[in-house]
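Protein chains in written order, with the working numbering: chain A, 1 to 559; chain B, 1001 to 1286.
The beta carbon of each residue, even a glycine, is placed where N, CA and C say it ideally should be.
This report refers to the structure that appears directly beneath it.
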């Protein structure tokens, strides 16, 4: 960076004339760090109250891959460094927002080809090219998303150029524009308005840019930001993996403080007691979630009582719960079908090992773990087929948030890639049935794609927060049923969620109902539901399969 | 009788047609609990398919002996045949060609064994075409030309009700690999040039039959057609009714012989077709 004066705290900020490769590296790291600090905020901006591919996590992983690519690079040239960033982002892109983010970097890098030092007008040009590339990368651009934000910042940079050539001042205007643009996204996109959230991808981009600006302004990036989420969006993390040794009890309690809480102090006190601390607030009521060791199991309660009126307490012995909760998922590895040179190979993205085994038995040659909660990166998908002795690859993303990532692999390999846009596991399995490994690539792809609508997809999960979508109201923690991706009902018990879903799907007019049960159910529990479905649908064949997918109690194929 | 025509029971030619065309059919053997039965003679197809799922030891099949073929060839030559054309099920699926060829060695150039590279009416139509050519006074060379031409245009495609029997048969390598995790899978098989290829699967019968129809229509105009089934007469008749009536004249509906049914199981549905010459290039599914 070439600056007029030394950058020192307290002094007025110096004018920056240009940025070099080293500066870009610092900016990328700053953007990444700030995005990571705010990752949970972005994750919470989910339109659907389902455990879906978390945008914040996806964008952090994409930025992380971009930074990893340059972390050890001694490059001074801005343009060369930008290309490395773009390459890293492309390889690590996860989820739709991650892919678009990687496209933004690709455009950005393209605009700064052979630029040694980037000045203000170069920066504005790079933002413009980033926007153009991202728009071109999306088949049907939707406004009210990260794309709109990219467009608005490009305009802001252009306008700012009339006043200044200082990249920092331009970035200031860009961050301001990004913030305003994000706030406007619900006006452009109705689903956001209905869900009462702003666009998550746009918000993520805002944090990346704000992180860069904070770095240039000398502000801290990695301060632990204490968040108190709105009570309605609070998701209590109960996955077993998050239990640390010694933290045997889970305490969840609600209390109304006598006076305003000092949040920093409150967190500090809680950190002395245990881990996995989560705090939510709504209309003066606080909900606290914490894991503590046995001897401290009453400490959070005593502490909360000293701060206010405790209205509800739940204590659970996690170890005992873990023992009784033995989940029946077999970890037997899928036996992948071998592929001969010249044959078509199929890669399936699968959310659970049981589903992977079914894909393998139908002839899948590679399986990439991923799905609702963890979107695989472009690179992970690429790895799954790079070494296969086949030049013709079909990818089944089996999730709408992975389709774009899968398509990106086509730019990174000399192999022929076709992505069948399967939006669910049942769609992917249906396409699989049309696979003829020795067939003509184009014909097989066409047949597989055409078959996608031959099956209806049902999904049953629990709402991660309270919401109303398409006239269906769901409270956090309730079971919700989705039919072909649309929420169709919410209920307090799993049986009703299944039967209600099948009724909405007019299952009585179909022949076969296949239930893939998730890792959160035992075989016995799943069998009981299957029996119930059998008695309700005596004319249909009911098949129950171990899916082992997380979060989703059932994935149903109705055909 | 200048040229006599011999085939085996897997040709699935209805009795009236074999008599009318003077075709000599050697029955294959179906072995149930160690006891051999003559395919199509000692076993009623309907009864067999009804029983098949309940027979504890899976039945197996065997070709007629070399001696059986020898005796038949001898008899035909005794009756005045100058040439015998022995046309059989694909050598990649069965040992019939072996047995017939071994028997033929005794008779020098008078017995010609021809590998149909097909099965059921994919073979049967070749045999019928040869018989017609013979009846029209064609020379052996011409009949062989007719056979090779028909063979290249023969397709047998079927939907099996389950993967179980074909897997058990050990005759189809891909079926072994697909130890179907899904209980309900209806595999499509495509017999072409001797091999049984996979054409994917269906999960429900309704969709499977629909797909079968698409596959048939895609073959274009046909010279001959037979609807094949293993005890699924109703489905076969319905399938035929749903076809475009202009497609052809009167196709055969055939309950497939037990020697084949043993390897595909009951409730299979499919067709054998001879594609017309002019659209043969478009009909290759691959």
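Query	Result
Per-residue burial, residue 1039 of chain B [other beta carbons within 10 Å of its own, 16 or more giving buried]	buried
Local conformation of residue 378 of chain A per DSSP, three classes	helix
CB of residue 1117 of chain B within 7 Å of CB of residue 1170 of chain B, strictly	no
Residue from A/503, A/463 and A/357 whose Cα sits closest to the Cα of residue 425 of chain A	A/357
Beta-bridge partners of residue 516 of chain A, as assigned by DSSP	A/545 and A/555
Rounded C-alpha distance that separates residue 147 of chain A from residue 302 of chain A	49 Å
Cutoff 8 Å; reference residue 560 of chain A; Cβ partners in own chain excluding five residues on either side	Any question about residue 560 of chain A goes unanswered here, given that chain A covers just 1 to 559.
Within 9 Å of chain A by C-beta, residues of the segment 1147-1171 of chain B in sequence order	none
Min CB distance residue 355 of chain A to chain B below 7 Å	no
Beta-carbon proximity check, residue 489 of chain A vs residue 1204 of chain B, cutoff 7 Å	no
Supposed close pair residue 89 of chain A, residue 102 of chain A - CB separation, criterion 8 Å	4 Å
Residue 149 of chain A beta carbon near the ligand SAH (any heavy atom closer than 6 Å)	What this structure holds is no ligand at all, so the ligand SAH is not there to describe.
Helix, strand or coil at residue 355 of chain A according to DSSP, with G and I counted as helix	helix
Residue 291 of chain A - partner residues in DSSP beta bridges	A/250 and A/275
Amino acids of chain B, ordered along the chain, whose beta-carbon sits closer than 8 Å to that of residue 559 of chain A	1203, 1204 and 1207
Three-state class that DSSP yields for residue 258 of chain A in the structure shown	coil
Beta carbon proximity, residue 1218 of chain B to chain A, threshold 7 Å	no
Length-filtered (3 minimum) beta strand (DSSP E) runs lying within the segment 1079-1154 of chain B	1083-1088 and 1111-1115
Cβ-Cβ distance between residue 1236 of chain B and residue 1267 of chain B below 7 Å	no
Residue environment, residue 1054 of chain B, which counts as buried when at least 16 other CB atoms sit within 10 Å	exposed
Span of the alpha helix (DSSP H), counted from its first residue to its last, around residue 35 of chain A	21-37
Proximity to residue 405 of chain A [Cα-Cα], best of A/79, A/95, A/70 and A/349	A/95
Among A/317, A/369 and A/521, the one whose alpha carbon lies nearest that of residue 295 of chain A	A/317
Terminal residues of the beta strand (DSSP E) in which residue 1057 of chain B lies	Careful: residue 1057 of chain B lies outside any beta strand (DSSP E) and carries neither H nor E.
Contact with chain A by residue 1213 of chain B, beta-carbon distance below 7 Å	no
For residue 371 of chain A, three-class secondary structure by DSSP	coil
Test item: CB-CB of residue 351 of chain A and residue 308 of chain A under 7 Å	no
Close Cβ partners of residue 1123 of chain B (< 6 Å) along its chain, the five nearest in sequence each way excluded	1011, 1089 and 1116
Nearest neighbour of residue 1206 of chain B, chosen from B/1262, B/1062, B/1151 and B/1269 [CA to CA]	B/1269
C-beta neighbour in chain A for residue 1199 of chain B, strict 7 Å	yes
CB contact check: residue 469 of chain A to chain B, cutoff 7 Å	no
Short Cβ contact (7 Å threshold) for residue 1258 of chain B with residue 1127 of chain B	no
Below-7 Å beta-carbon distance, residue 480 of chain A vs any chain B residue	no
Span separating the alpha-carbon of residue 305 of chain A from that of residue 493 of chain A	33 Å
Euclidean distance between Cα positions of residue 194 of chain A and residue 467 of chain A	9 Å
Straight-line gap, residue 526 of chain A to residue 532 of chain A (C-alpha atoms, nearest Å)	10 Å
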